[in-house]
Amino acid sequence: MLELFDGAVPVEKTLAKWYQEEAKSNYGAFIPFVGTIREEDGIDGLSFDIYEPILNSWYEAWTLKAKQSGAILKMAHSRGDVLLHESSYIAAVFSPKRRVALEMIDEFVEDFKASAPIWKYDLKDGKRIYAADRSTAINGSGLLKISK
Amino acid sequence: MVTIEFLGPIQKDKISLEAQTLNDVAQFLSDDAELKTWIDSCAVAVNDVMVMDLNTQLSSGDKVSLLPPVCGG
Numbered sequence: 010m011l012e013l014f015d016g017a018v019p020v021e022k023t024l025a026k027w028y029q030e031e032a033k034s035n036y037g038a039f040i041p042f043v044g045t046i047r048e049e050d051g052i053d054g055l056s057f058d059i060y061e062p063i064l065n066s067w068y069e070a071w072t073l074k075a076k077q078s079g080a081i082l083k084m085a086h087s088r089g090d091v092l093l094h095e096s097s098y099i100a101a102v103f104s105p106k107r108r109v110a111l112e113m114i115d116e117f118v119e120d121f122k123a124s125a126p127i128w129k130y131d132l133k134d135g136k137r138i139y140a141a142d143r144s145t146a147i148n149g150s151g152l153l154k155i156s157k
Numbered sequence: 014m015v016t017i018e019f020l021g022p023i024q025k026d027k028i029s030l031e032a033q034t035l036n037d038v039a040q041f042l043s044d045d046a047e048l049k050t051w052i053d054s055c056a057v058a059v060n061d062v063m064v065m066d067l068n069t070q071l072s073s074g075d076k077v078s079l080l081p082p083v084c085g086g
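So the protein lines, in turn, are chains A and B.
Mapped onto my numbering, the consecutive letters of the first sequence carry residue numbers 10 to 157.
Mapped onto my numbering, the consecutive letters of the second sequence carry residue numbers 14 to 86.
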């Protein structure tokens, strides 16, 4: 399940909903990761653009991968502005035993950071500034580069 | 005609052009001064599927997307 929100992700409500959805599904482990906006470098918050068609196919591939391990994934992310101390991201894995969930949450979040088509901007002094120095080029980038 | 769209922070309108392969798109974009800082770091999708081959064939109506470096979460 992939859920996108305009603005901050409602953390308590989302985690409670996911917990309830799987409360009787016989999963022994539920491991959520919550990403929260920290105060640093004078920012007022962060802002996000998302390209949904490719995000959806990336997420679908991960859903299939999780299924092969007997696990399920859930993810929520923000579009637009998210202010300090609000949350923009939750990922969670449910699995029969803890080891699969512990390993998958790590791998899933790392691949999310490297591959999911989401762009981050700092909100600072009334401006929206692309976070170029914290961004990662997707695998295969530079394909269109031509030496002249 | 194929359409080229620029995602995320690339502030550029869509472009339509005649192209048979991604290599044609690369040749066309190499003349665009606005894109000089982006081309090296962009990944490419055709019709919302990521591609890795410059020889990828294109058909009329295809959509080519340029994806600059990402940072979700």
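Idealized CB from N, CA, C, for every residue including glycine.
Flagged as an interface residue toward chain A: I52(B), by a C-beta distance shorter than 7 Å. In this structure G85(B) touches I127(A) by the C-beta definition: roughly 3 Å separates them, less than 8 Å.
When Cβ-Cβ separations below 7 Å define contact, A70(A) makes no contact with chain B.
Not a single CB atom of chain B sits nearer than 7 Å to the CB of S34(A). DSSP places R108(A) in the helix class (H, G or I) of the three-state scheme. Annotation: the continuous alpha helix (DSSP H) that includes Y68(A) extends over 61-77. Only buried fits D131(A), as 16 or more other CB atoms lie within 10 angstroms of its CB. Of all residues in the segment 114-140 of chain A, those with a C-beta nearer than 8 Å to a C-beta of chain B are V118, F121, K122, A123, S124, A125, P126, I127, W128, K129, Y130, Y139, A140, reading in chain order. In the three-state DSSP reduction, R47(A) falls in the coil class, being neither helix nor strand. Looking from the CA of Q33(B), the closest CA among V15(B), K27(B), C55(B), V83(B) belongs to V15(B). Contact between L93(A) and E48(A) holds: their C-beta atoms lie close to 5 Å from each other, under 8 Å. Not a single CB atom of chain A sits nearer than 7 Å to the CB of A46(B).
Near chain A, meaning a CB-to-CB distance below 8 Å, the residues of the segment 30-44 of chain B are L35, V38, A39, Q40, L42, S43.
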